[in-house]
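Asks: Numbering (our numbering), first residue to last: 14 to 933.
After the structure tokens below, expect a handful of questions from me.
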């Protein structure tokens, strides 16, 4: 029998199976095979933080496939990703198999590899190890922490701050950073200052510009010339002087290349240089890591993309240095290989930096195999990795002091030129486009003419320029990730999901690639800082991350860490039980007063009601969230909303005239327009044919994530051309389509549909994502094989009332307790022969049946609604038969409805908060 290897994704499974050969069966777990159920009690602090794990449909299907493959196998190799989550997945797989006694006589080993290449896979298989239990315990602690914070703090928000969505351990700290930066911007008051510059000419006629640095023997600080009068006086002094070169300073400066990418630096640089969000960058990097089809062979182009290490393997460094010498010359190869160490707080450096698996695969050679995002990101990673081993750049910097004969003022001119470009020939690091730039930023490109001390200079024009200080810039994705890494909160692989959740909860919005907090986000932050200050404090959160790292390093016991956290946290939550909403209102009203009621230009009271003129405006909380209201209510009913639904804003502000023309379809096609219909915005190709009223022009709904007033012609044409072929399924060989349906974007393979997330772009979604989306649906269908009589497939499906066997239009329910993955062909044929019944035709209901259904519906309406969202309702035939009991049944059953709804809401929303902060 073959040995079994378990990896995470089907794309990797197919590639690795090619590398290992026929003696191995490689299967994918499709990520986690089980998780904490989204309900109270999944983590039990009173029982030593015992956890209840549960497999979903996809996880159960994959585990059944692994169990079947293990029959007769001698070895099981757990080859999931080389990080904390990968270690946890391996542990879950082994634990589930052990619980079913399926590992008797099977040697279980853990293997890890940093790149998907043949040599790396074979080396890993030759050097297996045991599971890393300190790493697993760190995963358990992190998962329990995030679960307990989400399921404990979120319900407090719902009760005390209506309209809020969720809170998370790291998510809330990131939101606080954004809100505090916005508060800094709001209280910022610009300060005026002036600069004086003059043009000079050397005896040979060369010109240059210098700035005033000293006046009347004193060095000028930034705000010494803070009004026009002082600036004009300084300008007059410069205009009245005669100047010569006082001093010339020359020095050589070396600029070293940046290290190769970590996860966070890749996200930052992709944002700065490519305009690529963190989530898109990670998804694209995952595709490059798992492999690209190159000439019929799937090849991983980069090493593992979740890492905080900056070191590279020795053979990779050697190959890169050799490539540099061959391509650029020996002058560009430093005498010794560069060795880097990270400066990031709490970095574990367990894996290599992100680099190309083979430097010989240049971006130009790979371009034809990659899509647009893959091409741009691979080019960035390849150049950064190669540049990191190149020679330093050398710059000649010159500073010239220019003094007047009377000694009243000194001006300085600076410049530099590149003496040797070094790594700059290939790569220069990006900058945050809103970072404060110094006046000397362009000096690298400025060359000064040759000058010597004592040279006389001819003065030209003198200018006085007015400036104002600028507020600190809002966070971009790049700068926020950098900040979170600097203070040590979260982990690189979680940053993308954290930023996405903040936007999904409508806590923040992204404008011009900058985060702006929404009113709802500011309210949540104000609430948490007022009543849970410690748990949204950056130092506390960073300290907790250090404790989690101590657990993974074997230096701390995970239950001790959890116990210390939970004791204080649960006490803080208990203190809010008696907290009145009026207390919450008072605290938020005081905290956010500068934001909601900024000072007026005329000096008047910003809180005076604009409607009645006597009432005081203040923060109020209603059923649907916060709003501004008048103290004279109900006499004065003035209110002002805080939060505007983005969809409502779009409907109000865009397409005011009902239609916008985008242009003509390619090849001279009809006109493409954006229009408003009763169900929202859509795009339309052409106009209706007046002679054929039945023929309608092609239309396509604009999905979430694309703004109607910003959609491009290319996007509109793409939507109108849906569905499109994504690719061929790697296991079934069937084509996969992507399209838009009634319930949003989807992927389809044959008769199997899989829903896409709202963050997925139906126009660009790739094959790996499509396979993942279909996996859950495929988990409910299993094809046993062709029927011996007619060759039609015999399948096992998961139905509403349990699994059943199907052949054509004949179905038969499986016996209770029988697993759908264990059904053989013989058993299926026997069930179909003994219990097979034809499928009921849809939409054909007799009048008699309809009347019976109506009577039963009226009689059981309350019972069915009371059980909605909870356990399946029991049949209510007795209620239907006894009309006299209908009123009693309704009264009895209706009461639990509110509690059931609360439990359901708590399970779903708190789970989302808990999932946000999952570690890598």
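The C-beta atom is built at its ideal place from N, Cα and C for all residues, glycine as well.
Keep in mind the model is a prediction, meaning the values are calculated, not measured.
Helix, strand or coil, according to DSSP, for residue 537 in the structure here?
Replies: In this structure, residue 537 counts as helix in the three-state DSSP scheme.
Asks: Keeping to the same chain, check which residues put their C-beta closer than 7 angstroms to that of residue 283; ignore five residues upstream and five downstream.
Replies: For residue 283, where only same-chain residues beyond five positions count, the Cβ hits under 7 angstroms are 289, 294, 390 and 393.
Asks: Measuring alpha carbon to alpha carbon, tell me which of 172, 75 and 60 ends up nearest residue 793.
Replies: Closest option to residue 793, Cα to Cα, is 75.
Asks: If you draw a straight line from the C-alpha of residue 158 to the C-alpha of residue 777, how long is it?
Replies: Computed Cα separation, rounded: 36 angstroms.
Asks: If I'm right that residue 337 touches residue 402 with Cβ under 8 angstroms, what's the distance once you round it to whole angstroms?
Replies: 6 angstroms between Cβ atoms; contact.
Asks: Tell me whether residue 971 sits in a helix, a strand or coil according to DSSP, three-state version.
Replies: Nothing about residue 971 can be reported from this structure: the residues present for the chain run from 14 to 933 only.
Asks: Within 10 angstroms of its Cβ, does residue 578 collect 16 or more other Cβ (buried), or is it exposed?
Replies: When all chains shown are included, residue 578 counts as buried.
Asks: Which partner residues does residue 754 have in the DSSP bridge list?
Replies: Note: residue 754 sits in a beta bridge opposite 757.
Asks: For residue 9, which residues in the same chain have their Cβ closer than 6 angstroms to its Cβ, ignoring the five residues on either side in sequence?
Replies: Residue 9 lies beyond the residue range present for the chain, which begins at 14 and ends at 933; the question has no answer from this structure.
Asks: In whole angstroms, what is the alpha-carbon distance linking residue 305 and residue 386?
Replies: Looking at the two C-alpha atoms, the distance is approximately 13 angstroms.
Asks: Relative to the alpha-carbon of residue 473, which residue among 367, 601, 645 and 223 has its alpha-carbon at the smallest distance?
Replies: Minimum Cα distance to residue 473 is reached at 223.
Asks: If you run the structure through DSSP and keep just helix, strand and coil, what is residue 317?
Replies: Here residue 317 sits in coil by DSSP.
Asks: From residue 13 to residue 622, what distance separates their C-alpha atoms?
Replies: Since the first residue of the chain shown is 14 and the last is 933, residue 13 is not available in this structure.
Asks: Three-state secondary structure (DSSP) at residue 586?
Replies: Looking at residue 586 - three-state DSSP - the assignment turns out to be helix.
Asks: Residue 686 by DSSP, collapsed to three states: which one?
Replies: Of the three classes helix, strand and coil, the one that applies to residue 686 here is strand, per DSSP.
Asks: Any idea if residue 612 is buried or exposed, counting beta-carbon neighbours within 10 angstroms, 16 or more meaning buried?
Replies: Classification for residue 612: exposed.
Asks: Assuming residue 318 contacts residue 298 under a Cβ cut-off of 8 angstroms, what Cβ separation, rounded to an integer in Å, is found between them?
Replies: Right, the Cβ-Cβ distance comes to about 4 angstroms (below 8 angstroms), so this counts as a contact.
Asks: Please determine, among 765, 727, 679 and 733, the residue with the shortest C-alpha to C-alpha distance to residue 745.
Replies: Of the listed residues, the one whose Cα sits closest to residue 745 is 765.
Asks: Considering only C-alpha positions, which residue in the set 61, 52 and 407 is nearest to residue 574?
Replies: Here the closest residue by C-alpha is 61.
Asks: Determine, using beta carbons only, whether residue 264 and residue 410 come nearer to each other than 8 angstroms.
Replies: Contact: yes.
Asks: Report buried or exposed for residue 150, applying the criterion of at least 16 other Cβ atoms within 10 angstroms of its Cβ.
Replies: Under this definition residue 150 is a buried residue.
Asks: Consult DSSP for residue 227 and reduce its assignment to one of helix, strand or coil.
Replies: Residue 227: strand per DSSP, three-state reduction.
Asks: Exposed or buried, what is residue 482 when buried is set at 16 or more other beta-carbons lying within 10 Å of its beta-carbon?
Replies: It counts as exposed.
Asks: Give the DSSP-derived three-state secondary structure of residue 800 in the structure shown.
Replies: Residue 800: coil per DSSP, three-state reduction.
Asks: Between residue 791 and chain C, is there a C-beta pair that is closer than 8 angstroms?
Replies: Here chain C cannot be found, since the structure has a single protein chain.
Asks: List the endpoints of the continuous beta strand (DSSP E) containing residue 31.
Replies: That residue, residue 31, is in no beta strand (DSSP E); its alpha helix (DSSP H) goes 23-33.
Asks: DSSP puts residue 530 in a beta bridge; with which residues?
Replies: Partner(s): 521.
Asks: Are the beta-carbon atoms of residue 605 and residue 535 separated by less than 8 angstroms?
Replies: Contact flag set, yes.
Asks: Under 6 angstroms Cβ to Cβ from residue 92, same chain only, skipping five residues before and after it: list those, please.
Replies: The answer, listed in chain order, is 18, 20 and 124.
Asks: With a CB to CB cut of under 6 angstroms and the five nearest residues on each side skipped, what residues in its chain are close to residue 287?
Replies: Taken in chain order, the residues that qualify are 389.
Asks: Is the CB-CB distance between residue 494 and residue 277 below 8 angstroms?
Replies: For residue 494 and residue 277, yes; Cβs fall inside 8 angstroms.
Asks: To the nearest angstrom, how far is it from the Cα of residue 802 to the Cα of residue 842?
Replies: In a straight line, the C-alpha of residue 802 is about 11 angstroms away from that of residue 842.
Asks: Below 8 angstroms between beta carbons: does that hold for residue 248 and residue 209?
Replies: In contact: residue 248 and residue 209 (Cβ atoms closer than 8 angstroms).
Asks: Bridge partners for residue 192 per DSSP, in chain order?
Replies: According to DSSP, residue 192 bridges with nothing at all.
Asks: Would the stretch 82-90 count as touching the stretch 102-118 if we require 3 or more Cβ pairs under 8 angstroms?
Replies: Touching, per the Cβ criterion.
Asks: Less than 8 angstroms between the C-beta atoms of residue 470 and residue 258, yes or no?
Replies: Contact: yes.
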